[in-house]
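Just below is one structure, and these are the notes that go with it.
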Amino acid sequence: MWGRRRLISVRRFFALAFVLSPAAIAKSAWLMASASGPNIFAPESTPAKTIFGLSQFVLVITGIIFAVVFTLLVYAVLKFGGTAADDRREPAQVYGSTQIELAWTIIPILIVVVLFLATARVIHAVEDAAMPANAVEVTVVGHQFWWEFRYPKLGIVTANELHIPVSDPARPTPTFLTLLSADTDHSFWVPQLAGKTDLIPNHTNRMWMDPHRAGIFLGQCAQYCGMQHAKMLLRVLVDRPEDFSAWVHEQRQLAIQNEKAIAGRRVFETTACIDCHTISGTVADGRFGPDLTHLMARHTIAAGAAENTTENLRLWIQNPGAIKPGSLMPAMKLDDEDLDAVVAYMGTLR
Amino acid sequence: MSSNVMAIPNVQVGSGTWLEILHGWVTTVDHKRLGILYILYALIFLVVGGIEAMIMRIQLIRPHNDFVSPQVFNRMFTMHGTTMIFFVAMPLLFGFANYLVPLMIGARDMAFPRLNSFSFWLTALGGFLLYFSFLGGSGLYGTGNAPDVGWWSYAPLGAQAFSPGHSSDYWTLALLASGFGSIGTAINLIATILCMRCPGMKLGRMPLLPWLYLVMAGMVLIALTPLSAAQIMLLIDRYLGGHFFDTQAGGSAVLWMHFFWIFGHPEVYILIIPSFAFLSEIVPVFSRKPIFGYPVMVGAAVCIAFVSMSVWAHHIFTIGMSSYANAFFTITSMTVGVPTGIKIFNWLATMWGGRIQFKTPMLFCIGFLFQFLIAGLTGIMLAAAPFDWQLSLSYFVVAHFHYVIVGGILFSVFGAFYYWYPKMTGRMLSERLGKWHFWLFLIGFHLTFDTMHFPGLLGMPRRIYTYEPGRGWDTMNLIITYGALIQAMAILIFVWNLVGSYFKGTKAGNDPWDAWTLEWSVSSPPPAYNFATIPVVESRRPLWDLKHPEDPDSRYE
Numbered sequence: 002m003w004g005r006r007r008l009i010s011v012r013r014f015f016a017l018a019f020v021l022s023p024a025a026i027a028k029s030a031w032l033m034a035s036a037s038g039p040n041i042f043a044p045e046s047t048p049a050k051t052i053f054g055l056s057q058f059v060l061v062i063t064g065i066i067f068a069v070v071f072t073l074l075v076y077a078v079l080k081f082g083g084t085a086a087d088d089r090r091e092p093a094q095v096y097g098s099t100q101i102e103l104a105w106t107i108i109p110i111l112i113v114v115v116l117f118l119a120t121a122r123v124i125h126a127v128e129d130a131a132m133p134a135n136a137v138e139v140t141v142v143g144h145q146f147w148w149e150f151r152y153p154k155l156g157i158v159t160a161n162e163l164h165i166p167v168s169d170p171a172r173p174t175p176t177f178l179t180l181l182s183a184d185t186d187h188s189f190w191v192p193q194l195a196g197k198t199d200l201i202p203n204h205t206n207r208m209w210m211d212p213h214r215a216g217i218f219l220g221q222c223a224q225y226c227g228m229q230h231a232k233m234l235l236r237v238l239v240d241r242p243e244d245f246s247a248w249v250h251e252q253r254q255l256a257i258q259n260e261k262a263i264a265g266r267r268v269f270e271t272t273a274c275i276d277c278h279t280i281s282g283t284v285a286d287g288r289f290g291p292d293l294t295h296l297m298a299r300h301t302i303a304a305g306a307a308e309n310t311t312e313n314l315r316l317w318i319q320n321p322g323a324i325k326p327g328s329l330m331p332a333m334k335l336d337d338e339d340l341d342a343v344v345a346y347m348g349t350l351r
Numbered sequence: 028m029s030s031n032v033m034a035i036p037n038v039q040v041g042s043g044t045w046l047e048i049l050h051g052w053v054t055t056v057d058h059k060r061l062g063i064l065y066i067l068y069a070l071i072f073l074v075v076g077g078i079e080a081m082i083m084r085i086q087l088i089r090p091h092n093d094f095v096s097p098q099v100f101n102r103m104f105t106m107h108g109t110t111m112i113f114f115v116a117m118p119l120l121f122g123f124a125n126y127l128v129p130l131m132i133g134a135r136d137m138a139f140p141r142l143n144s145f146s147f148w149l150t151a152l153g154g155f156l157l158y159f160s161f162l163g164g165s166g167l168y169g170t171g172n173a174p175d176v177g178w179w180s181y182a183p184l185g186a187q188a189f190s191p192g193h194s195s196d197y198w199t200l201a202l203l204a205s206g207f208g209s210i211g212t213a214i215n216l217i218a219t220i221l222c223m224r225c226p227g228m229k230l231g232r233m234p235l236l237p238w239l240y241l242v243m244a245g246m247v248l249i250a251l252t253p254l255s256a257a258q259i260m261l262l263i264d265r266y267l268g269g270h271f272f273d274t275q276a277g278g279s280a281v282l283w284m285h286f287f288w289i290f291g292h293p294e295v296y297i298l299i300i301p302s303f304a305f306l307s308e309i310v311p312v313f314s315r316k317p318i319f320g321y322p323v324m325v326g327a328a329v330c331i332a333f334v335s336m337s338v339w340a341h342h343i344f345t346i347g348m349s350s351y352a353n354a355f356f357t358i359t360s361m362t363v364g365v366p367t368g369i370k371i372f373n374w375l376a377t378m379w380g381g382r383i384q385f386k387t388p389m390l391f392c393i394g395f396l397f398q399f400l401i402a403g404l405t406g407i408m409l410a411a412a413p414f415d416w417q418l419s420l421s422y423f424v425v426a427h428f429h430y431v432i433v434g435g436i437l438f439s440v441f442g443a444f445y446y447w448y449p450k451m452t453g454r455m456l457s458e459r460l461g462k463w464h465f466w467l468f469l470i471g472f473h474l475t476f477d478t479m480h481f482p483g484l485l486g487m488p489r490r491i492y493t494y495e496p497g498r499g500w501d502t503m504n505l506i507i508t509y510g511a512l513i514q515a516m517a518i519l520i521f522v523w524n525l526v527g528s529y530f531k532g533t534k535a536g537n538d539p540w541d542a543w544t545l546e547w548s549v550s551s552p553p554p555a556y557n558f559a560t561i562p563v564v565e566s567r568r569p570l571w572d573l574k575h576p577e578d579p580d581s582r583y584e
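Residue numbers (my numbering), protein chains in the order written: chain B, 2 to 351; chain X, 28 to 584.
Set out below in structure tokens:
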């Protein structure tokens, strides 16, 4: 009796699975479509959109294959399953069929050819795109565990928050990134703008994007790069053209010299800070850490690990490990007076 | 098979005091004992690797959790990956090969019994070296220091500059030792299968399991050697002033990636082909039909082996290869899906028209078929290079390869356990506990790994010890962790079943499944040296011929 009940439940399970899985897939697709954040299916730039188009095609083909094979499997299990244990009769012994096997060899080959041709087009379109003369060029240098952005034509150096102009599809102004690494491997991934590309020491890479709307796009380092790989966050701020011009103009200014913060500046310039950080127009010209000339123009500190507030800055300078254990910035061990002064000085760097 | 098979009494060596028994096991060169040693060794590491996975899942149960520190998390995923591939999957599959191949081809042992023992102990040494790093690999910070560079140890993270101390050295030596062990066993398997088959067993009459292990062993020879070479080069970098992968001095990180994956991708097939072998034995027996399209099944496996040697760079589509290279590795990676698809269809055709019995081994094989189908299709997505630029290095990839390794390989290995445990111990595993194991593991597996695809699509990279809230990842990670807990419970039931049935299981007899290959013709467990008289076979299913003299297979082959 018990044996018979079990067999039925196995069959019922497969029948249930057959009904439920399309529902589950539809539900997840709906969840995906409605999710905000760095969603690869919510592209906002040509490379990401091209990839999205290809991925829809691949999903449809694989979806059809899934439906067909899944149905056959479920049918086989339901139809031929559940023989009573005491039934010793053997079924017809079939050894194979050349025609059938040829069919399920040739059809997949045809599918592969179609998929390959569709894919090759997209590889070419994304990877071999020529850089137009009006493109914005940015050199991205991956560091443990932050991003350095240099605009060689514009003379700008900044970190962790990449500003690029929005690109009108009618008159595109794409941004081309040259990807380098100062230490280990990293990967630049902002899913809504483009696929990821690695930053590898001694191996220069290139990628591009042309965002079609202004906004903030989130991403993070995708290639394991060491202890704080998780907090090597990345944000791309896509500005309207006039905002981008204004940002460029501000970034090209030397650091503001505010007399009220002279004490903090003195502390900064007489401690180890200057070994790693640059503040243009001062003696600080280190390149190991982020450029701080316009620190207050950024929303976050510590590669996106914390918001750029006075309290966070203070904590960060005093004990970076509290925000990001494993960060290569040392705890500065300043006394309260010096710490307040430095934080005040940072606050003037707009 | 000729009917003059003579059963010999079940004489087991190694009774005596526990010290004599232990001595017997340590010094054994018997393929069956070595097989069991491999399997037990792998089961211990399966539990260890599982605990490491649970630590990671608890850490990721919610954003900004601080269950473990970033260093510990990074060590856990490094050790989990290295352990599961090199010290669970490989020894498990070699264990079954050791035990089954000589029995199934009618041989009395492997071709080189001493090499066999040497290979096992080398592999065992590898595992001990890896775990000794917890004690001996002192880093800059004093205490023990397991490697924390990921199981690929991408250059330059493995170089002295980024991995001071000895953790990377233990990792390197562990892989070298176990790699040499694997090469030894592969040579042994090839020699055994080519030279030790019983009379009548032409290659075309060999059961599919030894056939697929022959293919697998050939791949091990080709794929493990570049890995060993790379490990030696890394040691030269670290200790002899070499600069192969030392990017600070002009070395190439990309070179390491190619070395690693030219091993790493064939490795996936090295692991999955034995799974195919298990399915090709279990599915026919529980469908009560011969395997559908035997020649095509062999041909497809050989084809997979060849093609899979030329697909490795699909793991590194994001490193900026030329569009031609990306296109090449796209077409080869998609092509490997064709013979793999053929195999799925042929198992389906084997079930078609059969009388399927839902015994536990068969349940795991049916689970395999569904899950391997999905794993193959997500593999097609990853093979399309541009789609991969989005999916690679994300949780989607983690879900994909766990679908292959857990949903595919581990399910088939569980099937193999339930199927051959009676042969190895003489007792059946409990069907009741087996079904609990199957259903719980199935539910846990799908909760974890179905869900895991989606954070990847939402931009969650792999190998992060914590994540930001508000990106749509929170609930998914919670579900993934719950699924992992359910899987852990299922594993406990499995271990309970293995231990309990050893003492209390019903007696199996020679042939509990009414099966057709030679291992079921001898007692359970088989006597020393397996066969009193070497059998003679006339078809692929010698025991079918014996049981159905009126309608033997030999009439149709």
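Backbone N, C-alpha and C fix where the C-beta goes; we use that ideal spot for every residue, glycine too.
For residue 297 of chain B, which residues in chain X fall below 8 Å Cβ to Cβ?
The premise fails here: residue 297 of chain B is roughly 22 Å from chain X at the closest Cβ pair, so nothing lies under 8 Å.
Since residue 206 of chain B is in the beta strand (DSSP E), which residue starts that stretch and which ends it?
206-210
Once you ignore the five residues that flank residue 297 of chain X on each side, which residues in its own chain have a CB closer than 7 Å to its CB?
243, 246, 247, 250
How many Å lie between residue 117 of chain B and residue 110 of chain B at the Cα?
10 Å
What residue range does the alpha helix (DSSP H) around residue 128 of chain B cover?
99-128
Residue 226 of chain B at chain X interface by Cβ criterion, 9 Å
Judged by the 9 Å Cβ criterion, residue 226 of chain B is in contact with chain X.
Smallest Cα separation from residue 41 of chain B: which of B:194, B:255, B:273, B:103?
Of the listed residues, the one whose Cα sits closest to residue 41 of chain B is B:194.
Is residue 575 of chain X helix, strand or coil when you go by DSSP?
coil
Answer with buried or exposed for residue 594 of chain X, where buried requires no fewer than 16 other C-beta atoms within 10 angstroms of its C-beta.
Outside the shown range of chain X (28 to 584) lies residue 594 of chain X, about which nothing can therefore be said.
The segment 223-243 of chain X contacting the segment 212-231 of chain B, beta-carbon criterion three pairs below 8 Å
no
Indicate whether residue 228 of chain B and residue 92 of chain X have their beta-carbon atoms separated by less than 9 Å.
no
Pick helix, strand or coil for residue 266 of chain B, following the three-state DSSP scheme.
helix
May I ask you to report which of helix, strand or coil DSSP gives residue 220 of chain B?
strand
Rounded to whole angstroms, what's the CA-CA distance from residue 524 of chain X to residue 61 of chain X? Just pull it up for me.
22 Å
Cβ shell of residue 355 of chain B (< 8 Å), same chain only, five flanking positions each side left out
Because chain B in this structure spans residues 2 to 351, residue 355 of chain B falls outside the shown range and cannot be described.
Please classify residue 300 of chain X as buried or exposed, where buried requires at least 16 neighbouring CB atoms within 10 angstroms.
buried
Determine the direct distance from the alpha carbon of residue 203 of chain X to that of residue 148 of chain X, and round the result to whole angstroms.
13 Å
With a cut-off of 8 Å, do at least 3 Cβ pairs link the segment 163-177 of chain B to the segment 135-152 of chain B?
With the rule of 3 Cβ pairs closer than 8 Å, the segment 163-177 of chain B counts as touching the segment 135-152 of chain B.
Boundaries of the alpha helix (DSSP H) in which residue 79 of chain X is found, first to last residue
Note, residue 79 of chain X: alpha helix (DSSP H), 58-86.
Where does residue 446 of chain X sit, in a helix, a strand or coil, going by DSSP?
helix
For the structure I just gave you, are there three or more beta carbon pairs, one from the segment 523-540 of chain X and one from the segment 115-132 of chain X, closer than 8 Å?
No, the segment 523-540 of chain X does not touch the segment 115-132 of chain X.
Length of the line joining the Cα atoms of residue 131 of chain B and residue 206 of chain B:
14 Å
Can you have a look at residue 135 of chain B and say buried or exposed, based on whether 16 or more other CB atoms are within 10 angstroms of its CB?
exposed
Would you call the segment 469-481 of chain X and the segment 430-442 of chain X in contact, with 3 or more CB pairs under 8 Å?
yes
Run down chain X in chain order and give the residues with a C-beta less than 9 Å from the C-beta of residue 81 of chain B.
314, 378, 379, 380, 381, 382, 383
How far does the beta strand (DSSP E) with residue 166 of chain B in it extend, from its first residue to its last?
162-166
Name, in chain order, the residues that DSSP records as bridge partners for residue 383 of chain X.
B:82
Validate contact between the segment 58-65 of chain B and the segment 210-217 of chain B using beta carbons, cut 8 Å, 3 pairs:
Verdict: no, contact absent.
CB residue 186 of chain B to CB residue 181 of chain X, shorter than 9 Å?
yes
Please state the DSSP three-state secondary structure of residue 144 of chain B.
If DSSP states are grouped into helix, strand and coil, residue 144 of chain B belongs with the strands.
Between which residues of its own chain and residue 377 of chain X is the CB-CB distance below 8 Å, once the five residues before and five after are set aside?
310, 311, 314, 316, 317, 318, 319
Using only CA atoms, which one of X:337, X:356, X:334, X:335 lies nearest to residue 344 of chain X?
X:356
Whole-angstrom C-beta distance between residue 572 of chain X and residue 562 of chain X, which should lie under 8 Å:
The pair is not a contact, with the Cβ atoms about 11 Å apart (cut-off 8 Å).
What is the DSSP secondary structure of residue 203 of chain X, counted as helix, strand or coil?
helix
Report buried or exposed for residue 2 of chain B, applying the criterion of at least 16 other Cβ atoms within 10 angstroms of its Cβ.
Reliability of the predicted coordinates at residue 2 of chain B is poor, the pLDDT of 33 falling under 50, and no value is obtained from them.
Can you give the beta carbon distance from residue 55 of chain B to residue 411 of chain X, rounded, assuming they're within the 8 Å contact cut?
6 Å
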